[in-house]
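Contents: one structure, followed by commentary.
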Amino acid sequence: MRGRPRAAANERGIAALEFVLMLPFVLMVMFGIVDVSLLLCDKAVITNAAGEAARQGVVLSVPRASGSSIQAVAVSYAQNSLITGGTATTPSVDVVPSGGCPSTGTGNTLQVTVTYTYRGLVLGSALSALAGPVTITAAAVKYCE
1 MRGRPRAAAN ERGIAALEFV LMLPFVLMVM FGIVDVSLLL CDKAVITNAA GEAARQGVVL
61 SVPRASGSSI QAVAVSYAQN SLITGGTATT PSVDVVPSGG CPSTGTGNTL QVTVTYTYRG
121 LVLGSALSAL AGPVTITAAA VKYCE
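Counting from 1, position 70 in the sequence shown corresponds to residue 70 in full-length UniProt numbering; the numbering is continuous, with no gaps.
In structure tokens form, the structure reads like this:
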């Protein structure tokens, strides 16, 4: 009878040791899942920002949307929807052709490219210091009306 209480106490100690050894790995996986989810969410926001800006640029209006107004649409959309880890970085927007859709004729294309640097929220910020930040790029090409 004396052997049983000691065996149970030893088993509790082993379980506590296993928990202590596995906890950092489990937390790293959980925080990694959170960071990758935020990265994918920001990728969707950047893709939508490029699409909205391209749509704004190709819609027939008088006067035509300029390159700077197309860029403003993309930056505004992105800044209102991006999930950042404290320091928000402004995405860069490239419009080709730089002046927007030409006023003569249809069939020309307008390309809007949005680039954003994701720095991470939890593990991403630590890994960004080692491997560099992750750059997210999205492009939208539409025909001018």
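Glycine included, every Cβ here is placed at the ideal spot set by N, Cα and C.
Treat the numbers as computed from the prediction; the structure is a model and nothing was measured.
Residue i (DSSP reduced to helix, strand or coil)
{"i": "A139", "result": "strand"}
{"i": "L40", "result": "helix"}
{"i": "M1", "result": "Residue placement at M1 is flagged as unreliable, the pLDDT there being 49, under the threshold of 50; a coordinate-derived value is accordingly withheld."}
Own chain partners of residue i with C-beta closer than 6 Å, once the 5 adjacent residues on each side are dropped
{"i": "A53", "result": "I70, V73, A74 and V112"}
{"i": "residue 146", "result": "For residue 146 there is no data in the structure shown, the boundaries of the chain being 1 and 145."}
{"i": "M1", "result": "Residue placement at M1 is poorly supported in this model, since its pLDDT is 49, which falls under 50; the coordinates still yield a value, given next. Taken in chain order, the list of residues that qualify is empty."}
Residues of its chain near residue i, where Cβ-Cβ distance is below 7 Å and the 5 sequence neighbours each way are ignored
{"i": "T135", "result": "T115 and T117"}
{"i": "I83", "result": "L38, C41 and D42"}
Nearest candidate by alpha-carbon position, reference residue i, set the options
{"i": "A78", "options": "V58, T47 and S68", "result": "T47"}
{"i": "G57", "options": "P102, V29 and A131", "result": "P102"}
{"i": "V36", "options": "A140, A138, L130 and R119", "result": "R119"}
At 3 residues or longer, what runs of the beta strand (DSSP E) sit wholly inside the region 44-114? 92-96
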